[in-house]
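Enquirer: Chains A and B supply the protein sequences, listed in that same order. Under our numbering, the residues of the first sequence are numbered 4 to 112, in order. Under our numbering, the residues of the second sequence are numbered 25 to 135, in order. Take this structure first; my questions come after.
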Amino acid sequence: AQRVTQPEKLLSVFKGAPVELKCNYSYSGSPELFWYVQYSRQRLQLLLRHISRESIKGFTADLNKGETSFHLKKPFAQEEDSAMYYCALVVNQGGKLIFGQGTELSVKP
Amino acid sequence: DGGITQSPKYLFRKEGQNVTLSCEQNLNHDAMYWYRQDPGQGLRLIYYSQIVNDFQKGDIAEGYSVSREKKESFPLTVTSAQKNPTAFYLCASGFLNTEAFFGQGTRLTVV
Chain A
4 AQRVTQPEKL
14 LSVFKGAPVE
24 LKCNYSYSGS
34 PELFWYVQYS
44 RQRLQLLLRH
54 ISRESIKGFT
64 ADLNKGETSF
74 HLKKPFAQEE
84 DSAMYYCALV
94 VNQGGKLIFG
104 QGTELSVKP
Chain B
25 DGGITQSPKY
35 LFRKEGQNVT
45 LSCEQNLNHD
55 AMYWYRQDPG
65 QGLRLIYYSQ
75 IVNDFQKGDI
85 AEGYSVSREK
95 KESFPLTVTS
105 AQKNPTAFYL
115 CASGFLNTEA
125 FFGQGTRLTV
135 V
């Protein structure tokens, strides 16, 4: 079965500390993975997708097919990074988009 | 605005009543999705549609129904068969296998 797992409900770090939000997936096909972010009182929006291999707001994510992971990383967290982060997987055959449980990131001053 | 609109923002329903949540997009997207967001459970897929007049069940379709008569519209009906309907509902749209754009959500409360 297709599944996205984010093991941490809450991640709390101090400003300037490194951040890693974990995401593991289960899918037998070729995965298409995304990270979405939801800031307070704002819409859920795309942060980055693995195929573009870009860095957005200092965040990067690398697809590791061997470990079936797509962890989100940032070397130095900022207070404005505090938000809910969701990892998502597109099941290619059907265009079905599924999400993990989400991780709340709290960056303290 | 973002091109995808959900209405109403807040909705109250009496037990035993059906209620329909609206989702409209003007982005010419093929795919549309409905999710339910509950604390600690993330976004769970209710229904999705890739093309007009076709839709598929997601992981928690029981007690819900949808239609896709127009490309722009994907309304969700929460039926009386849904045992725990109080939740925040999110609609999204996108081109197939690409970024999804989300509405602002509808908070449904059963009273």
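For each residue, glycine too, the CB sits at the ideal point set by N, CA and C.
Does the count of Cβ pairs from the stretch 40-51 of chain B and the stretch 39-54 of chain A closer than 8 Å reach three?
Expert: Touching, no.
Enquirer: If you draw a straight line from the C-alpha of A:Gly-69 to the C-alpha of A:Ser-85, how long is it?
Expert: Here residue 69 of chain A corresponds to residue number 66 of the first sequence, with the count starting at 1. Here residue 85 of chain A corresponds to residue number 82 of the first sequence, with the count starting at 1. The alpha-carbon atoms of A:Gly-69 and A:Ser-85 are separated by roughly 30 Å.
Enquirer: I think B:Leu-114 touches B:Tyr-59, with their Cβ atoms under 8 Å apart; what is that distance to the nearest whole Å?
Expert: Residue numbering aside, residue 114 of chain B sits at position 90 when the second sequence is read from its first letter. Residue numbering aside, residue 59 of chain B sits at position 35 when the second sequence is read from its first letter. About 5 Å; that satisfies the 8 Å criterion.
Enquirer: Which residues in chain A sit within 7 Å of B:Phe-98, going by Cβ to Cβ distance?
Expert: The residue given as residue 98 of chain B occupies position 74 in the second sequence. Here the premise fails: no neighbours, minimum Cβ distance about 14 Å.
Enquirer: How many Å lie between A:Leu-108 and B:Glu-96 at the Cα?
Expert: Residue mapping note: residue 108 of chain A aligns to position 105 of the first sequence, counting from 1. Residue mapping note: residue 96 of chain B aligns to position 72 of the second sequence, counting from 1. When rounded, the distance between both Cα atoms is 34 Å.
Enquirer: In this structure, does DSSP put A:Asp-84 in helix, strand or coil?
Expert: Here the question's residue 84 of chain A lines up with position 81 in the first sequence. A:Asp-84 falls in the helix class under three-state DSSP.
Enquirer: Return the bridge partner residues of A:Leu-36 from the DSSP annotation.
Expert: As a working mapping, residue 36 of chain A is identified with position 33 in the first sequence. Beta-bridge pairing links A:Leu-36 to A:Leu-92.
Enquirer: Return the CA-CA distance between A:Glu-142 and A:Tyr-89, expressed in angstroms with no decimal places.
Expert: Any answer about residue 142 of chain A is impossible in this case: the structure gives chain A only from 4 up to 112.
Enquirer: With respect to the beta strand (DSSP E) encompassing A:Phe-73, which residues constitute its N-terminal and C-terminal limits?
Expert: As a position in the first sequence, residue 73 of chain A is number 70, starting the count at 1. Unbroken run through A:Phe-73: none, as it is neither H nor E.
Enquirer: How big is the Cα-Cα spacing for A:Glu-82 and A:Gly-61?
Expert: To locate residue 82 of chain A, count along the first sequence from 1; it is residue 79. To locate residue 61 of chain A, count along the first sequence from 1; it is residue 58. Spanning the two alpha carbons is a distance of roughly 13 Å.
Enquirer: Is the CB of A:Val-22 under 8 Å away from at least one CB in chain B?
Expert: Residue 22 of chain A sits at position 19 when you count from the first residue of the first sequence. Output row for A:Val-22: interface = no.
Enquirer: Ends of the beta strand (DSSP E) at B:Arg-68?
Expert: Here residue 68 of chain B refers to the residue found at position 44 of the second sequence. Note, B:Arg-68: beta strand (DSSP E), 66-75.
Enquirer: With DSSP run on the structure shown, which of helix, strand or coil describes B:Ile-28?
Expert: Residue numbering aside, residue 28 of chain B sits at position 4 when the second sequence is read from its first letter. Of the three classes helix, strand and coil, the one that applies to B:Ile-28 here is strand, per DSSP.
Enquirer: Just to confirm, is the Cβ distance from B:Arg-37 to B:Pro-109 under 8 Å?
Expert: Looking up residue 37 of chain B in the second sequence gives position 13. Looking up residue 109 of chain B in the second sequence gives position 85. Yes, these two residues count as a Cβ contact at 8 Å.
Enquirer: Going by alpha carbons, who is nearest to A:Ala-64 out of A:Val-22, A:Ser-33, A:Phe-17?
Expert: Reading the first sequence from its first residue, position 61 is the one you call residue 64 of chain A. Measuring from the Cα of A:Ala-64, the nearest candidate turns out to be A:Val-22.
Enquirer: Taking all protein chains shown into account, do 16 or more other C-beta atoms lie within 10 angstroms of the C-beta of B:Gln-30, making it buried, or fewer, making it exposed?
Expert: Numbered from its first residue, the second sequence carries residue 30 of chain B at position 6. Per the 10 Å Cβ criterion, buried.
Enquirer: Taking DSSP as the reference, what is the three-state secondary structure of A:Ile-54?
Expert: Translated into positions along the first sequence, residue 54 of chain A becomes position 51. Residue state, collapsed to three classes: helix.
Enquirer: Determine the DSSP secondary structure at B:Cys-47, reduced to helix, strand or coil.
Expert: The residue given as residue 47 of chain B occupies position 23 in the second sequence. B:Cys-47: strand per DSSP, three-state reduction.
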